[in-house]
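Student: Which chain is which? The protein sequence lines are A and B, in order. Numbering-wise (my numbering), the first sequence opens with residue 142 and increments by one. Numbering-wise (my numbering), the second sequence opens with residue 1044 and increments by one. My questions will all concern the structure given below.
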Amino acid sequence: MVRLPIYMDNNATTRTDPRVLEAMIPYFTERYGNSASRNHSFGWEAEEAVELAREQIGSLIGATAKEIIFTSGATESNNLAIKGVASMYKKKGNHIITAETEHKAVLDPCKRLERDGCEITFLPVDKEGRVSPEQVASAIKEKTILVSLMAGNNEIGTLHPLKEIGKICKEKGVLFHTDATQAAGKAPVDVEECGIDLLSLSAHKMYGPKGIGALSVRRKDPRVRLDALIDGGGHERGMRSGTLPVPSIVGFGMAAEIARKEMEAETARLQALRERLHRGISSRLGDVYLNGHPEFRLPGNLNLSFAFVEGEALMMGIKDVAVSSGSACTSASLEPSYVLKALGVGDELAHSSIRFGLGRFNTVEEVDHVIEDVVRAVNHLRDMSPLYEMHKQGIDLKTVQWAAH
Amino acid sequence: MAYSTKVLDHYNNPRNVGSFEKDDPLVGTGVVGAPECGDVMKLQIKVNPLTGLIEDAKFKTFGCGSAIASSSLATEWIKGKSIDQALEIRNTEIVEELALPPVKVHCSVLAEDAIKAAIHNYQEKQANQPAEASAN
């Protein structure tokens, strides 16, 4: 028997792993010292715990413990990386390269810098959501100081060719930042192998607590410097002041350790669940389209468009399953997903998209339950869809003159 | 955002889903909205030529739950009404009945437009009827 509701929105956030929570608790109740207190045992044990967490997080991404700067989350990490570099290296240049499908936490800092006089290139992506190394190479110019491209996309799961892009950045002497919020712990990301100078992380996307993240800042070849956004006590090598939230950091460290050790097995399991979900739906419904890359994608992410059916209505029809939609109706702006639009997916298919985010705690039974729910809801909605009726009558919807409102 | 009980009821048990033969002279068809906007409503009326009343109505909607509920409710309301009475239905009444939040008001506007478009289509057909048919 499947317990309802089913959580299948793991690209939004994840349940804190019980092992993570267990590791955190003593740091609330017994070992509650300030890690910056240098003169008593409470401070020492807190500092020791923080240093262990730095090791654990560094190991996950191939960085050293000293390169890990704790922040409040990936949004802050992205802001610190982008604004911090723009400010520190403004004598060298003012041009930044990113892509249209980045998270708002990258796009909006870039747009703010643009208003303040920086030049930003927003690279387009191919129909599967990838930026090519050649695109990056030809966009780099003398004034370029930073390339910021995400590791795995939060909506469509597409993985960029980081290694090749990192190599180009190295050759051209441009700093390379990657937002690895979605990919870290799910797909191999290594700052050495990929030539990444700055890497953003968030604990709550990898079964850790909310409100804690990190920015990995390279210490040599090259030694990256940043202007801080938050000034104060000079914590975190002066790049991010503020007392460290030790329990959250301990949880983050444990989450990273578990992710590193279990990634291989978990990737295989999630890919199998994802294929089961995709096949189960596609074998019983026509006109279902995959958004994103079939191969280079996060193991738990499945983004599908169900033609002739609107996404929010479909979510209502599968009310016991928590998923997301790129439909305008689910956003405050009434605009469909800008990520799907960037792929060249038509607006009507963007309105029809559902993102299934499989995670560590999803089961085969849940996947089978979701397949049944989706098939039933799509059929129910297609029965009352004028677009489906026209499609069945052989009318090409693209030739219809719509009375747009 | 939670849906009102009435929206859920119309979503789960939509009234009057279906289609009439659109070439029938007694049928008026209105199609409003566009797929790229995320809403398309098709609303049809069938008018009794003797009484002039809308004796039946059907809809099909591509859109969110509130759009489906708005069009379902619209068909329910116009059945049994005269053309003039149906033209008096305002989107604000739909908003009130379904307790639609501000972001869903456009669904009710679309439903009102669909009623008007169906009636307009019916009236055009009647105006273009051959003389012998309208002489009855």
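Even for Gly, the Cβ is constructed at its ideal location relative to N, Cα and C.
Might you give, ordered along the chain, the residues of its own chain that have their beta carbon closer than 7 Å to the beta carbon of Ala194 of chain A, omitting 5 neighbours on each side?
Tutor: In the first sequence, residue 194 of chain A corresponds to position 53, counting from 1. Only Ile390, Val391, Phe393 and Gly394 meet the Cβ criterion.
Student: My output table needs one value for Asn1179 of chain B: the three-state DSSP class, helix, strand or coil.
Tutor: Counting from one through the second sequence, the residue named residue 1179 of chain B turns up at place 136. At Asn1179 of chain B, the pLDDT of 47 sits below 50, so the modelled position is not reliable and the matter cannot be decided from this model.
Student: For Ala1176 of chain B and Pro1092 of chain B, I'd like the C-alpha separation in whole angstroms.
Tutor: Translated into positions along the second sequence, residue 1176 of chain B becomes position 133. Translated into positions along the second sequence, residue 1092 of chain B becomes position 49. Unreliable positioning characterises Ala1176 of chain B in this predicted model, as indicated by a pLDDT of 48, which lies under 50. A coordinate reading is not provided.
Student: Using CA coordinates, which residue listed in A:Asn442, A:Gly225, A:Pro527 and A:Glu186 is at the minimum distance from Asp150 of chain A?
Tutor: By 1-based counting over the first sequence, the position of residue 150 of chain A is 9. Selected option, being the one with the closest Cα: A:Asn442.
Student: Can you list, in chain order, the residues of the region 488-515 of chain A whose Cβ is nearer than 7 Å to any Cβ on chain B?
Tutor: Asp488, Glu489 and His492
Student: With 8 Å as the C-beta to C-beta threshold (strictly closer), list the residues of the region 428-442 of chain A near chain B in chain order.
Tutor: From the region 428-442 of chain A, no residue has a Cβ closer than 8 Å to chain B.
Student: Looking at the C-beta of Lys1085 of chain B, does it have a partner C-beta in chain A at a distance below 8 Å?
Tutor: Here residue 1085 of chain B refers to the residue found at position 42 when the second sequence is read from its first residue. Yes, contact with chain A.
Student: Does Thr1094 of chain B have its Cβ less than 8 Å from a Cβ in chain A?
Tutor: As a working mapping, residue 1094 of chain B is identified with position 51 in the second sequence. Judged by the 8 Å Cβ criterion, Thr1094 of chain B is not in contact with chain A.
Student: Please list the partners that Leu426 of chain A has in chain B, where partner means a Cβ-to-Cβ separation under 8 Å.
Tutor: By one-based count along the first sequence, residue 426 of chain A stands at place 285. Simply none; closest approach about 16 Å.
Student: Verify the CB distance criterion: does Ile422 of chain A have a CB-CB separation below 8 Å to chain B?
Tutor: Your numbering for residue 422 of chain A matches position 281 in the first sequence. Answer no: the Cβ-Cβ gap between Ile422 of chain A and chain B never drops below 8 Å.
Student: Whose Cβ in chain A lies nearer than 9 Å to the Cβ of Pro1144 of chain B?
Tutor: Taking the second sequence and counting its residues from 1, one reaches residue 1144 of chain B at position 101. The premise fails here: Pro1144 of chain B is roughly 11 Å from chain A at the closest Cβ pair, so nothing lies under 9 Å.
Student: Put Val391 of chain A into one of helix, strand or coil per three-state DSSP.
Tutor: As a first step, residue 391 of chain A is located in the first sequence; it is residue number 250 there, counting from the start. In the structure shown, Val391 of chain A sits in a helix (DSSP, three-state: H, G or I).
Student: Can you grab the Cα-Cα spacing for the pair Arg417 of chain A / Gly270 of chain A, in whole Å?
Tutor: Position 276 of the first sequence, counting from 1, holds the residue named residue 417 of chain A. Position 129 of the first sequence, counting from 1, holds the residue named residue 270 of chain A. Those two C-alpha atoms are separated by around 23 Å.
Student: Return the residue from the list A:Arg410, A:Lys233 and A:Ser218 that minimises the CA-CA distance to Ala344 of chain A.
Tutor: Position 203 of the first sequence, counted from the first residue, corresponds to residue 344 of chain A. That would be A:Ser218, whose Cα lies nearest to the Cα of Ala344 of chain A.
Student: Which same chain residues end up closer than 7 Å to Asn1056 of chain B when comparing Cβ atoms and leaving out the 5 residues on each side of it in sequence?
Tutor: Residue numbering aside, residue 1056 of chain B sits at position 13 when the second sequence is read from its first letter. No residues qualify anywhere along the chain.
Student: Which residues bound the beta strand (DSSP E) around Ala240 of chain A?
Tutor: Here residue 240 of chain A is taken as the residue at index 99 of the first sequence, counted from 1. That run of the beta strand (DSSP E) goes His236 to Ala240.
Student: Measuring CB atoms only, is the region 443-458 of chain A touching the region 1102-1115 of chain B, in the sense that at least three cross pairs come out at less than 8 Å?
Tutor: Contact holds: three or more Cβ-Cβ distances are below 8 Å.
Student: Does any C-beta atom of chain A lie closer than 8 Å to the C-beta of Tyr1046 of chain B?
Tutor: Locating residue 1046 of chain B in the second sequence gives position 3, where the first residue counts as 1. True, the Cβ-Cβ gap to chain A drops below 8 Å.
Student: List the residues that DSSP assigns as beta-bridge partners of Ala463 of chain A.
Tutor: Position 322 of the first sequence, counted from the start, is the residue given in the question as residue 463 of chain A. Paired residues: A:Tyr148.
Student: For Ala204 of chain A, does the three-state DSSP call read helix, strand or coil?
Tutor: Within the first sequence, residue 204 of chain A is the residue found at index 63, counting from 1. Coil.
Student: Chain A partners of Thr1148 of chain B, CB-CB under 7 Å?
Tutor: Reading the second sequence from its first residue, position 105 is the one you call residue 1148 of chain B. Thr is not the amino acid found at residue 1148 of chain B; the sequence shown has Val there. Neighbours of Val1148 of chain B on chain A: none; closest Cβ ~11 Å, over 7 Å.
Student: Is it right to say Met142 of chain A is buried, meaning 16 or more other beta carbons lie within 10 angstroms of its own, or is it exposed?
Tutor: Position 1 of the first sequence, counting from 1, holds the residue named residue 142 of chain A. Exposed, since its Cβ has fewer than 16 Cβ neighbours within 10 Å.
Student: Could you have a look at Leu522 of chain A and say whether DSSP puts it in helix, strand or coil?
Tutor: For the purposes of this step, residue 522 of chain A is taken as residue 381 along the first sequence, with counting starting at 1. The answer is helix: DSSP assigns Leu522 of chain A an H, G or I state.
Student: Answer yes or no: does any C-beta atom of chain A fall closer than 8 Å to that of Ala1157 of chain B?
Tutor: Your numbering for residue 1157 of chain B matches position 114 in the second sequence. So no, Ala1157 of chain B is outside the interface.
Student: What does Ser526 of chain A reach in chain B if we use C-beta pairs closer than 7 Å?
Tutor: For the purposes of this step, residue 526 of chain A is taken as the residue at position 385 of the first sequence. Residues of chain B passing the Cβ test: Lys1103 and Phe1105.
Student: Closest by CA to Cys310 of chain A, which one among A:Phe169, A:Val332, A:Asp372 and A:Leu300?
Tutor: Residue numbering aside, residue 310 of chain A sits at position 169 when the first sequence is read from its first letter. Minimum Cα distance to Cys310 of chain A is reached at A:Val332.
Student: Please state the DSSP three-state secondary structure of Lys1124 of chain B.
Tutor: Along the second sequence, read from residue 1 onward, the residue named residue 1124 of chain B stands at position 81. In this structure, Lys1124 of chain B counts as coil in the three-state DSSP scheme.
Student: Residues of chain A with CB under 8 Å from Tyr1165 of chain B, in chain order?
Tutor: Counting from 1 along the second sequence, the entry for residue 1165 of chain B is found at position 122. By Cβ distance, chain A contributes nothing, its closest Cβ being about 17 Å from Tyr1165 of chain B, past 8 Å.
Student: Cutting at 7 Å between CB atoms, please list the residues of its own chain near Ser1047 of chain B, excluding the five before and the five after it.
Tutor: Indexing the second sequence from 1 puts residue 1047 of chain B at position 4. The answer, listed in chain order, is Leu1141 and Ala1142.
Student: Once DSSP output is grouped into helix, strand and coil, what is the label at Lys539 of chain A?
Tutor: Reading the first sequence from its first residue, position 398 is the one you call residue 539 of chain A. Residue state, collapsed to three classes: helix.
Student: Can you check which of these residues, B:Ser1115, B:Pro1068 and B:Asp1099, is closest to Gln1169 of chain B by C-alpha distance?
Tutor: Residue 1169 of chain B sits at position 126 when you count from the first residue of the second sequence. Answer by Cα proximity: B:Pro1068.
Student: Could you have a look at Ser289 of chain A and say whether DSSP puts it in helix, strand or coil?
Tutor: Position 148 of the first sequence, counted from the first residue, corresponds to residue 289 of chain A. Strand, per DSSP.
Student: Using only the alpha-carbon positions, how far apart do Cys251 of chain A and Val508 of chain A sit?
Tutor: Reading the first sequence from its first residue, position 110 is the one you call residue 251 of chain A. Reading the first sequence from its first residue, position 367 is the one you call residue 508 of chain A. Each residue's alpha carbon lies about 39 Å from the other.
Student: Cβ closer than 8 Å: which chain A residues qualify as neighbours of Pro1057 of chain B?
Tutor: Working through the second sequence from its first residue, we reach residue 1057 of chain B at position 14. Going along chain A in sequence order, the residues near Pro1057 of chain B (Cβ under 8 Å) are Met525.
Student: Counting only beta-carbon separations shorter than 8 Å, does Pro477 of chain A have a partner in chain B?
Tutor: As a first step, residue 477 of chain A must be located in the first sequence, where it is residue number 336. Yes, Pro477 of chain A lies at the interface with chain B (some Cβ there is under 8 Å from its Cβ).
Student: Is there at least one Cβ from chain A nearer than 8 Å to Ala1176 of chain B's Cβ?
Tutor: For the purposes of this step, residue 1176 of chain B is identified with residue 133 of the second sequence, where counting begins at 1. For Ala1176 of chain B, the predicted structure reports a pLDDT of 48, less than 50, and the residue's modelled location is therefore unreliable. A value from the coordinates is still provided. So no, Ala1176 of chain B is outside the interface.
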